[in-house]
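Anchor point for the sequence shown: position 399 equals 399 in the UniProt record's numbering, and the numbering is continuous, going up by one each time.
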Amino acid sequence: MQTTPATTRSSRNPSPSRRCRSTQRRWPSPLFWGRSLPYWSSLRTRLTSGRQAIFCQSIILGLNGALQTLVSQSFGAGNIRECGIILNRGRIVAFLAFIPIVIILCLCEPFMLAVGMDPIASEYASTYTYFLIPAMFFHSQFDATRQYLNSQNKAQMVMYTMIVTSMLHFVWLEVFVKSWGWDIYGISLATIITYFSNFAAITAFCLWDKEVRKSFFWFTKESSQDLKGYLKVGIPSTTMLCLEWWSFEVLAFMAGYISVSALSAHVVVLNTHVLLIMVPLGAQVAATVLVGQAMGEGNHRKANQYFKLVALYNLILNGLIAVWMHVDREGLADIFTSEENAGALKPMIMEAYSIDALILIFHGLAMVQAGAVRGLGMLELATWMVLIAFYLVALPAAYLFAFPFNMGMPGLWWGVVTGGIAEIALYVIILRYFCNWKALAVKISMELKEGGNMLMSPNMSMNRSISKGLKEPLMDQERRHAIN
């Protein structure tokens, strides 16, 4: 494997594709809800679809997150066939997890009526949710393939696909909602088309690319084996993502107890935060892929250097964004406020923007650290870090700042700052003093290489014994190195 080209591609590609994917998922459709529905229906539909996204996507995307760790390590070890087997395992797990999720989503309207929501608003929201079920299925399978490609330094096609389908998504919305007047049905249909297009385009690329199709094959007997091993990585990955996403729901709940204006200002800042956090989120993917590949190679020094490089890049980029956010906070606040509500909302939003600038720096660095831990395969440990930082530090601090200290809505975001600092400190202690990078690298590399079938797939014919005579001395050397 040539290190330099792979390094250049992998350090550059995961970030934009991840940012593009997340931005596409969150922004275009809500812009059309206000045009197609009455205000109260639009608001309730947005709230319900937001909860649906948090519930459904946090579970499915969390399970798919295991692919980042497992595929990048297998790719680094040169075990190409194992990459395809892991992808198929991920597809099976995502499909099985989707079954109970569908059942729960089908109960959307009865649940909303049971809690006293308006019948018409419940119908709008449930219709959107029902139509979104097939879209979420295609999105879950696309996301699995995206993780698989990112881990093999093939993220450029993912980025190009997302750019094209994002542009087309606006076209579908204009046609279905504005021109044809299909309202919520048009929004749902546009989402289905976009998610299916993502899945179809990326699948076609995998079948076309000569390098990728070596490991892109139909389900085999091995695909259904060792699902337990996949879940050992997938469940902590899911828990880690859910804990982080759901903590912001708790903050929104707290903001609602302050005042209606505080809740409105909090939602504005949260939406901006979701958009800007895509930058460190992309860096997290890059850290996972690069560290995972280096560990698969058995090169712990390269893994550590990659981690430091991504952390430095992320710190510089987030620092620039934070400075811009603080300097231009008034202009940003003007985008979301009008003359009627500026007096109540604008000061809170501006103050929270300055705090969020600090969050981008601290939490952004913690996300890169979490990416390194993912690449090392220590997801259970990362899950505990998130639990402690968000639920034992950030949320209690947010409550104290907002209520006993009378800081209001900005106090909630100061709580997130303290959580980010705590998360950084915990990761530094773990990565510095409780993580043996060298031993982990040897262990991961040996396990993957001893699995056999190196650089093989069902689409290729190769003599299985071609490298047997060369592998044994290498294994003996690695074992002696690990002991020393």
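Every residue gets a Cβ at the ideal spot worked out from N, C-alpha and C, and that includes glycine.
| Query | Result |
| --- | --- |
| Start-end ranges of the beta strand (DSSP E) lying completely within the segment 327-360, minimum 3 residues | none |
| Check whether F336 and I321 have beta carbons under 8 angstroms apart | no |
| Nearest-angstrom beta carbon gap, A422 and M254 [assumed within contact, 8 angstroms] | Contact flag wrong, Cβ pair sits at about 19 angstroms. |
| P280, buried or exposed, once every other Cβ within 10 Å from all chains shown has been counted against 16 | buried |
| C-beta contact flag for A135 and I192 at 8 angstroms | yes |
| Unbroken alpha helix (DSSP H) run spanning S264, endpoints | V260 to L276 |
| Boundaries of the alpha helix (DSSP H) in which A398 is found, first to last residue | L395 to A402 |
| Between the CA atoms of G377 and T194 - distance to the nearest angstrom | 33 angstroms |
| 8 angstroms contact criterion, which L70 and I59 should meet: CB distance rounded | In fact, because the Cβ distance is near 18 angstroms, the residues do not count as touching under 8 angstroms. |
| Complete runs of the alpha helix (DSSP H) confined to the segment 77-109 [at least 4 residues] | 80-106 |
| Neighbour-count burial assignment, L276, 16 or more Cβ in a 10 Å radius | buried |
| Straight-line gap, L470 to R81 (C-alpha atoms, nearest Å) | Low local confidence applies: a pLDDT of 34 at L470 is under 50, so the model's placement there is unreliable, with the coordinate-based value given in what follows. About 19 angstroms. |
| Closest Cα partner of G375 within the set L61, Q284 and P347 | Q284 |
| Nearest to P236 (by Cα), restricted to the options E380, F390, C83 and G90 | E380 |
| Beta-carbon spacing of G90, A144 below 8 angstroms | yes |
| Inter-residue Cα distance where the pair is residue 524 and C83 | What is shown of the chain runs 1 to 484, which leaves residue 524 out entirely. |
| Sequence-distant residues of the same chain with beta carbon closer than 8 angstroms to N198, five excluded per side | F138, H139, F142, T161, M162 and T165 |
| S215, enclosing alpha helix (DSSP H) - first and last residue | It is not in any alpha helix (DSSP H) - S215 carries neither H nor E in the DSSP assignment. |
| Environment of Q225 [buried if 16+ CB atoms lie within 10 Å] | exposed |
| Cα-Cα separation, V267 to V373 | 31 angstroms |
| Neighbourhood of V212 by C-beta distance below 8 angstroms, restricted to the same chain and skipping five residues each side | L149, Q152, K154, F205 and C206 |
| Residue from L312, Q305, Y353 and G62 with nearest C-alpha to D328 | Y353 |
| Three-way DSSP call (helix, strand, coil) for E423 in this model | helix |
| R146 burial status per 10 Å Cβ neighbour count (16 or more: buried) | buried |
| Status (buried if at least 16 other CB within 10 Å, exposed otherwise) for I316 | exposed |
| G62 vs L241 beta-carbon contact at 8 angstroms | yes |
| Cβ-based neighbour list, V428, same chain, cut-off 8 angstroms, excluding 5 preceding and 5 following | Q369 |
| Exposure of L312, with buried meaning 16 or more beta-carbon neighbours within 10 Å | exposed |
| Contact under 8 angstroms by Cβ, W208 with A190 | no |
| Cβ-based burial, V269 [other Cβ within 10 Å; buried from 16] | buried |
| Rounded separation between Y39 and V274 - CA only | Residue placement at Y39 cannot be trusted, given a pLDDT of 44 that sits under 50; what the coordinates show is reported in the next sentence. For Y39 and V274, the distance between alpha carbons rounds to 23 angstroms. |
| Straight-line Cα distance separating W437 from N304 | 8 angstroms |
| Proximity to P410 [Cα-Cα], best of I359, G65, S72 and M159 | I359 |
| Nearest-angstrom Cα separation, counted from L345 out to A262 | 7 angstroms |
| Buried versus exposed call for L96 [16 or more other C-beta atoms within 10 Å across all chains shown] | exposed |
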